[in-house]
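Worksheet for the structure shown next.
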Amino acid sequence: MATFPLTRSDALERLAAFAPRAGSAYGTRRNLVSACGQHDNVSRLSAALRRRVISEEDVVRAVLARHRPEAAEKFIAEVFWRTYWKGWLEQRPAVWTQYLADLDRLQAQPGLAAATDQAMAGRTGIPAFDHWAQELAQTGYLHNWARMQVASIWVFTLGLPWQLGASWTFERLIDADPASNTLSWRWVAGLHTPGKTYLASADRIAAMTGGKLTAHGLATTANVADVPAHPAPMPPRDAAAPDRAAPSVVLITPEDCSLETTLDLADVRGVAFALAQGAWDRTALADAAARAGQHWGCEPVAIENAAGLAALASRHDARQVVTGFAPVGPVATALGDWRADLAAQGLRLVESQRAWDHRAWPHCRKGFFQLRARMADLLPEPC
Ligand SMILES: Cc1cc2nc3c(=O)[nH]c(=O)nc-3n(C[C@H](O)[C@H](O)[C@H](O)COP(=O)(O)OP(=O)(O)OC[C@H]3O[C@@H](n4cnc5c(N)ncnc54)[C@H](O)[C@@H]3O)c2cc1C
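The sequence shown runs 92 to 474 under our numbering.
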C-alpha cells in the first residue's frame, strides 16, 4: 500500500524520489490507476502540500532542477490546479458558505440517508465505485482520476447531490482541502465551467485500470439542473505584513506547516500550535511545531482557544501573533473569531501570505486557462 508523507523529512524524501519521474513519464502515465493502491505514477505529496509541510514552491523548484519546464509542464500544471482552486475560492467565499448551508439542508433530508450510506460504504453494486469507496475508507487517499469517476458516478449515475459527496470525501481524505475538494466536485457536476460536465465511462475505467476494475449501468447523459451564476469575484482578503521587529508569538495551524522557511521575524518569544481537525493534522502539526520551536528557540505549546493564545502572548509580553494565511475553510473561520478575541486584549493576529499565493491568486478569477497562461512567469528559479 502507498504511504502519504505528513512530516517534512518524509515529504522531502518522497519529493526527491519522485522528482525524476515528474517529467514526460508523469505526463504519459499519471492517469493510469493502480487497483492495488500503489499509485507509483503520481507523487502522493498532496497530504503534505495541502498543509504546506512542503510548499508548492519547494516541489516545483525540485522538479525544475531535474527537468526542463516543457518536459515537466503537465506535473507543474497540476500543482497550479491546487493554486487555482485556492485563489478562485478565496475570491468567491460565498461558494463555500453556500455549500455549508446546502449541506445542513440536505443532511436533514431523511430520504437521502439510505442511498448515501450505501454509496459511502461501497455497496452500490458498481464494482469500481465500491472498490474506490473502500480504498478511501481504508487509506484516506484516492488517485485523482479515481476521484473524478467516483464524483461523476455519485452525481450522474446514483443521482445523489454533489454536496453530500463532497462532504463524504472531505471527511475522509488525508489531503482534505476546502477549495480542491468542493470545487472539483462542482466541476464534475457541471457547476464550474458552463456547459462542461464529467461523465464516467465503463470503457475508460477498464482501460485506465488495466482491466482490473469494471463498472456497469453508468449514466450515459449528464443531466444538470439549473446552474446558478458564480458570485462576482471580490478581491482576495487583505493580508497585512507582520511587524518584523515586534515581540511575537508564532502560531502554527494545519494551513501552513513550514512557517520557519518563510517568516523573517526578529523577536519570536513563543511558538504555539492549534486547530488540528483530526489525527493526520495532529501528526503534521507536531512535526511543524517541533521544527518551528527549534528554529526560534522556544518550547512549542498546544493551544485550545483564543484565551490560551492570549495568555501565552501575555506571558511573553508579545504584541502580535503571526500565523500562516488561512484560505477559506474551517481554520480561517476559527481564526476570524480568534482575531476579535485577541484584539480585545490588544493583540494583533497577522496572517502572513506566501509570495506564491500573492502572485498567482489575482490570475485565478476566471477559468484555469487564465492562470495557465501566466504559469511561465510564476515559476521559481530551480534550486
Ligand atoms: C472530486 C475530487 C476531489 C478532490 N479533493 C481534493 C482534496 O480534498 N484535496 C486535494 O489536495 N486535492 C483534491 N483533489 C485533487 C487531486 O485529486 C489530488 O490533489 C491528487 O489526487 C493528489 O494526489 P498526488 O499528490 O499523488 O497528485 P499528483 O498527480 O502527484 O500531483 C501533484 C500535486 O498537484 C496537485 N494536484 C494534482 N491534481 C490536482 C487537481 N486535480 N486539483 C488540484 N490540485 C491537484 C496536488 O497538490 C498534488 O499533490 C480532488 C479531485 C477531485 C476530482
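No residue lacks a Cβ here, since even glycine has one placed at the ideal position from N, Cα and C. Nothing here was measured: the structure is a model prediction, and the numbers come from that model.
Pick out whichever of the options has its Cα sitting closest to the Cα of residue i.
i      : options                        : result
Gln200 : Ala126, Gly118, Leu251, Glu104 : Leu251
Thr248 : Ala156, Ala310, Arg450, Pro285 : Ala310
Ala270 : Lys177, Glu169, Ala330         : Lys177
Thr55  : Ala367, Gly415, Ala377, Ala451 : This structure cannot speak to residue 55, because the chain is shown only from 92 to 474.
Gly329 : Ala380, Ala417, Gly301         : Before going on, a small fix: residue 329 reads as Asp here, not Gly. Minimum Cα distance to Asp329 is reached at Ala417.
Asp355 : Ala367, Leu366, Val341, Phe364 : Val341
Asp448 : Trp187, Ser125, Gln182         : Gln182
Leu180 : Leu462, Ser339, Pro324         : Pro324
Glu147 : Ile167, Ala113, Gly437         : Ile167
Thr305 : Ser292, Ala163, Asn314         : Ser292
Can you grab the Cα-Cα spacing for the pair residue i / residue j, in whole Å?
i      : j      : result
Ala402 : Ala383 : 20 Å
Thr260 : Asp408 : 43 Å
Gln198 : Arg439 : 38 Å
Thr312 : Val392 : 54 Å
Val413 : Ala336 : 12 Å
Pro345 : Thr353 : 16 Å
Gly458 : Asn122 : 22 Å
Ala228 : Ile343 : 28 Å
Lys165 : Arg152 : 15 Å
Gln368 : Asp428 : 17 Å
Ala204 : Asp101 : 39 Å
Asn239 : Pro327 : Residue identity differs from the one stated: residue 239 is Met in this sequence, not Asn. Near 28 Å, if we compare the C-alpha coordinates of Pro327 and Met239.
Met466 : Asn272 : 22 Å
Verify the contact flag: residue i, CB atom, against every heavy atom of ligand 1, threshold strictly below 7 Å.
i      : result
Phe261 : yes
Leu354 : no
Ser349 : no
Leu140 : yes
His234 : yes
Met299 : no
Ser134 : yes
Ala107 : no
Asp268 : yes
Met211 : no
Ser115 : no
Asn272 : yes
Glu169 : yes
Ser275 : yes
Arg143 : no
Trp429 : no
Arg121 : yes
Inspect the beta-carbon positions of residue i and residue j and report whether they are closer than 8 Å.
i      : j      : result
Gly256 : Trp245 : yes
Ile285 : Val441 : It is Pro, not Ile, that sits at residue 285 in the sequence shown. The answer is no: Cβ separation not under 8 Å.
Val318 : Leu264 : no
Met299 : Trp236 : yes
Val144 : Cys348 : yes
Ser134 : Arg173 : no
Ala446 : Leu462 : no
Q) If you scan the segment 309 to 396 from start to end, which runs of the alpha helix (DSSP H) of 4 or more residues do you find wholly inside it? A) 370 to 387
Q: Starting from the N-terminal side, write out each stretch of the alpha helix (DSSP H) that is 4 residues or longer and does not extend beyond the segment 108 to 166.
A: 115 to 120, 137 to 141, 147 to 155
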